[in-house]
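> Note that the working numbering has the sequence shown beginning at 47, numbered continuously upward.
Quick reminder that beta carbons are idealized off the backbone N, C-alpha and C, glycines included.
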Amino acid sequence: MRKKIHVTLSLIVATALLSFMACQPKTTDPTRLPVTSAKGATTIDPFTGLAIMVENAQDRKFSLYQGPPPPKRVTEKMSEFPVAAKGDMERRDYGPLEVLRAHPLGKVQNMGALTVSFNQPMIPLTDLEQEKNQKIPLSIDPRPQGAFKWLGTTVVSFEPDRRFPFATRYVVKIPQGTTSAVGGVLKESRQFSFETPRVALASSHPYSTQSHVIPEAAIVLIFNQRIDPTHIAANTSVLAGLTQIPFTLVPRSKWKDVKPWGKQHKKWDARRTVVLQPRAELPKATGFTVRLKKGIRSEEGPLETLADQSLTFQTYGPLKVNGVGCGWKLGPCLPGHSPRIQFSNRLALDEKEMKKRIAIRPAVKNLEIRGYGESVYLNGEFLPAKTYTVLVKRDVKDIYEQTLPAKWQGKLKILDATPEMHLPAYKFGVLESKEGKALEVETINNLKEAVITLVEVQPEHMLSTIGLMRDYYWSSGSYSYVGKRYARFKVPTPKQLAKAPGIPGPADYVPGQRMTYAKKFNQRKNVQEKSRINLNKILKGKGGTVFVQIYSPDLHTSRYTNPYRWVLIQVTNLGITARYDNDRIVTMVTELSSGKPVGNASVALYKRKNSKDYYNVDTEHIWKGTTNAQGMVEAPGVRNKGPRGPYVLVVENKK
Numbered sequence: 047m048r049k050k051i052h053v054t055l056s057l058i059v060a061t062a063l064l065s066f067m068a069c070q071p072k073t074t075d076p077t078r079l080p081v082t083s084a085k086g087a088t089t090i091d092p093f094t095g096l097a098i099m100v101e102n103a104q105d106r107k108f109s110l111y112q113g114p115p116p117p118k119r120v121t122e123k124m125s126e127f128p129v130a131a132k133g134d135m136e137r138r139d140y141g142p143l144e145v146l147r148a149h150p151l152g153k154v155q156n157m158g159a160l161t162v163s164f165n166q167p168m169i170p171l172t173d174l175e176q177e178k179n180q181k182i183p184l185s186i187d188p189r190p191q192g193a194f195k196w197l198g199t200t201v202v203s204f205e206p207d208r209r210f211p212f213a214t215r216y217v218v219k220i221p222q223g224t225t226s227a228v229g230g231v232l233k234e235s236r237q238f239s240f241e242t243p244r245v246a247l248a249s250s251h252p253y254s255t256q257s258h259v260i261p262e263a264a265i266v267l268i269f270n271q272r273i274d275p276t277h278i279a280a281n282t283s284v285l286a287g288l289t290q291i292p293f294t295l296v297p298r299s300k301w302k303d304v305k306p307w308g309k310q311h312k313k314w315d316a317r318r319t320v321v322l323q324p325r326a327e328l329p330k331a332t333g334f335t336v337r338l339k340k341g342i343r344s345e346e347g348p349l350e351t352l353a354d355q356s357l358t359f360q361t362y363g364p365l366k367v368n369g370v371g372c373g374w375k376l377g378p379c380l381p382g383h384s385p386r387i388q389f390s391n392r393l394a395l396d397e398k399e400m401k402k403r404i405a406i407r408p409a410v411k412n413l414e415i416r417g418y419g420e421s422v423y424l425n426g427e428f429l430p431a432k433t434y435t436v437l438v439k440r441d442v443k444d445i446y447e448q449t450l451p452a453k454w455q456g457k458l459k460i461l462d463a464t465p466e467m468h469l470p471a472y473k474f475g476v477l478e479s480k481e482g483k484a485l486e487v488e489t490i491n492n493l494k495e496a497v498i499t500l501v502e503v504q505p506e507h508m509l510s511t512i513g514l515m516r517d518y519y520w521s522s523g524s525y526s527y528v529g530k531r532y533a534r535f536k537v538p539t540p541k542q543l544a545k546a547p548g549i550p551g552p553a554d555y556v557p558g559q560r561m562t563y564a565k566k567f568n569q570r571k572n573v574q575e576k577s578r579i580n581l582n583k584i585l586k587g588k589g590g591t592v593f594v595q596i597y598s599p600d601l602h603t604s605r606y607t608n609p610y611r612w613v614l615i616q617v618t619n620l621g622i623t624a625r626y627d628n629d630r631i632v633t634m635v636t637e638l639s640s641g642k643p644v645g646n647a648s649v650a651l652y653k654r655k656n657s658k659d660y661y662n663v664d665t666e667h668i669w670k671g672t673t674n675a676q677g678m679v680e681a682p683g684v685r686n687k688g689p690r691g692p693y694v695l696v697v698e699n700k701k
């Protein structure tokens, strides 16, 4: 290889030399050219063989020439602002000037600004400083302290320094002939008005309808605007029925001493507050009316009030017991409710003292007595259909240091218990087969015969049954949208359910083998009892899943109460633990009683099958397997070409 390289290089060098020799110019040798002119001056450069340049008179003539144009600038020269209008510009006719909107109008409560809108520009576009000098096309009478502002070119506003003074009627005028910036003329003058609030009570102490006011209380009146206290006092009367109660005007320096409101005096605005003190203590247990005559003036404006204003309050009375019972009317109580003793005033006793002064006969188990305001609540195990005697001692004391005039005794009536039925699980439950196949139910006052429906649910119907339990809603009417969505199975209606109120119970929409029978749950009135429903009647000694429905007419206490109770119960001794992801579904089967793994158990996987609608679904079998000695089995996940869920996992012990 090295030899071949050398041969190649030799050929390249030889070729280059031959090419160089072939390219020599065929010119006269510069060494043989004449290097001097006839006059003896040198004319040829001996190194380059070129003629030497000689300056002549023409070369000395030099003049500047026009260069390239300058680059374009990105800036632009602005004209003067505002641009002077061209004298020969054609003017457009915008028509007459009109007022589009004015705000506010009529009686107002509070507002920030007066605004008027026009249909044409009223001022030219200009800066804020020049805008202030533009003519305002309207007037306000009376005009408060404030300033006009233009909101664009068509809307003008007036903003007062604080707010528009109250008790004032404002008139806004726009004169005829007002001209817009584009030449429009207002053909007729425009006028509108608005009125700010007159004097009114904003709040008071005591507040209107307040009860339990102390006899020494002062009367504090707080208004919505500045007023003259002397004028208010002269036009105010305090009445107890038709009797005038004399009072004095309390100066501001003594506001802190008035009872019981003096601690709040720093919050009162002296320009809006009037404090009146009755000259003598007010009678107890008496209602009072504070009346302000019409014609009250304001310190802000000339408008007077047009009608009387008043508030009422009542002083506390002697301590007494109003009654005992439940509800606002202190009527009979249902079992489980907390009766209360209602006093006329708030008690000053703690719970320990109340227990010493309140007794109930016959005794009530686990009795607790708690006081809230004027009420004392009695919490305990009151028996149904029983009447109790409540005793209150005379030395019970209220917050005003008053006691009862004598000991008090009243009757407390407890009604029959409301019919109730409680299942051991909500919607879904499990019964261990080794512990029996009886479902325990707690009931009270279900004295009439009930109807029990048992439906054995197969795996292929599990998803539709679960969906039904989620969406079913009992209705007292003849139509229930939720009930109609599910296909009702053509099963014979038991005689006992033929006249059941409302739509059928959910069991009518659950497919599967079923049985119906009657049962009486309660034998004694007002006694809570436990009953058992034997699921083996439908399972016939094997395990499985049962939909249990109970219809009890006693539960239908009103047109809105549901007489049905239901639950889906699995009877089994197998426990299933399943974890899944996109790759696999891992299942472990154990015994519920011992927790030991169950080997050689058959595991089947079902999934929801596409059906005609969302509610009436079918389930198809998609996979089966058997657990190993550790009770484990693995099914393919979605990523491993497994089907998508939702799934129902069913395990059957082959032993």
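Between residue 450 and residue 436, which are expected to be in contact by the criterion C-beta below 8 Å, what is the C-beta distance as a whole number of angstroms?
About 13 Å; that fails the 8 Å criterion.
> Can you tell which of 228, 581, 341 and 521 has the C-alpha that lies nearest to the C-alpha of residue 502?
In terms of Cα proximity to residue 502, the closest of 228, 581, 341 and 521 is 581.
> Helix or strand or just coil, what does DSSP make of residue 512?
helix
> Applying the 10 Å Cβ sphere with the 16-neighbour rule, what's the burial state of residue 280?
exposed
> For residue 666, which residues of its own chain have a beta-carbon under 7 Å away from its beta-carbon, when the five flanking residues on both sides are left out?
The beta carbon of residue 666 is closer than 7 Å to those of 652, 653 and 655 in its chain, skipping five residues each way along the sequence.
> Using alpha carbons as the reference points, say which of 643, 237, 624 and 146 lies closest to residue 680.
624
> Is residue 480 closer than 7 Å to residue 639 when the C-beta atoms are compared?
yes
> Under 7 Å between the Cβ atoms of residue 558 and residue 504?
With respect to the 7 Å criterion, residue 558 and residue 504 are classified as neighbours on the basis of their beta carbons.
> Are the segment 567 to 576 and the segment 530 to 537 touching by the rule of at least three beta carbon pairs closer than 8 Å?
no
> Quick one: which unbroken alpha helix (DSSP H) runs of 4-plus residues sit fully inside the segment 243 to 331? Chain order, please.
275 to 280
> Could you name the residues that DSSP lists as bridge partners for residue 666?
Residue 666 is bridged to 653.
> Comparing C-alpha positions only, which one of 195, 201 and 218 sits nearest to residue 207?
195
> Answer with buried or exposed for residue 444, where buried requires no fewer than 16 other C-beta atoms within 10 angstroms of its C-beta.
buried
> Could you compute how far the alpha carbon of residue 642 sits from the alpha carbon of residue 607?
45 Å
> Is residue 187 helix, strand or coil by DSSP?
strand
> Residue 477 and residue 615 - do their beta-carbons sit closer together than 7 Å?
yes
> Would you check whether the ligand HEM has a heavy atom nearer than 6 Å to the C-beta of residue 143?
Of ligands this structure carries none, so the ligand HEM is not represented either.
> How long is the line joining the alpha carbons of residue 99 and residue 115, rounded to whole angstroms?
34 Å
> Which of the three DSSP states is assigned to residue 545 in this structure?
coil
> Runs of 4 residues minimum, wholly inside the segment 535 to 615: which ones carry the alpha helix (DSSP H) assignment?
582 to 585
> Report back the beta-carbon spacing between residue 550 and residue 560 to the nearest angstrom; my notes put them in contact at under 8 Å.
Here residue 550 is actually not in contact with residue 560; their C-beta atoms are around 13 Å apart, not less than 8 Å.
> Can you look up residue 678 in the DSSP assignment and give me helix, strand or coil?
strand
> State whether the segment 160 to 177 contacts the segment 253 to 264, with contact taken as three or more CB pairs (one from each stretch) at a distance under 8 Å.
no
> Could you tell me if residue 474 is buried or exposed, where buried requires 16 or more neighbouring beta carbons within 10 angstroms of its beta carbon?
exposed
> Checking 7 Å against the spacing of the C-beta atoms, do residue 728 and residue 184 come in under that value?
Within the shown structure, residues of the chain are numbered from 47 to 701, placing residue 728 beyond reach of any answer.
> Taking three-plus beta-carbon pairs below 8 Å as touching, is the segment 228 to 236 in contact with the segment 137 to 144?
yes
> In chain order, what residues of the same chain have a beta carbon less than 7 Å from the beta carbon of residue 325, not counting five sequence neighbours either side?
292, 293 and 294
> Does the Cβ-Cβ distance between residue 355 and residue 243 come in under 7 Å?
no
> Report the residue from 691, 363 and 379 whose alpha carbon sits nearest the alpha carbon of residue 370.
379
> Is the beta carbon of residue 699 less than 7 Å from the beta carbon of residue 598?
no
> Using DSSP bridges, identify the partner residues of residue 444.
393
> Name the one or two DSSP bridge partners that residue 407 has.
435
> If you drop the 5 nearest sequence neighbours on each side, which residues of the same chain put their C-beta closer than 8 Å to that of residue 329?
261, 286 and 361
> What residues match up with residue 699 in a beta bridge as DSSP calls it?
BP columns for residue 699 point to 647.
> Which residue or residues does DSSP assign as beta-bridge partners of residue 356?
Beta-bridge pairing links residue 356 to 337.
> Going by C-alpha to C-alpha distance, which of 517, 423 and 459 sits closest to residue 408?
459
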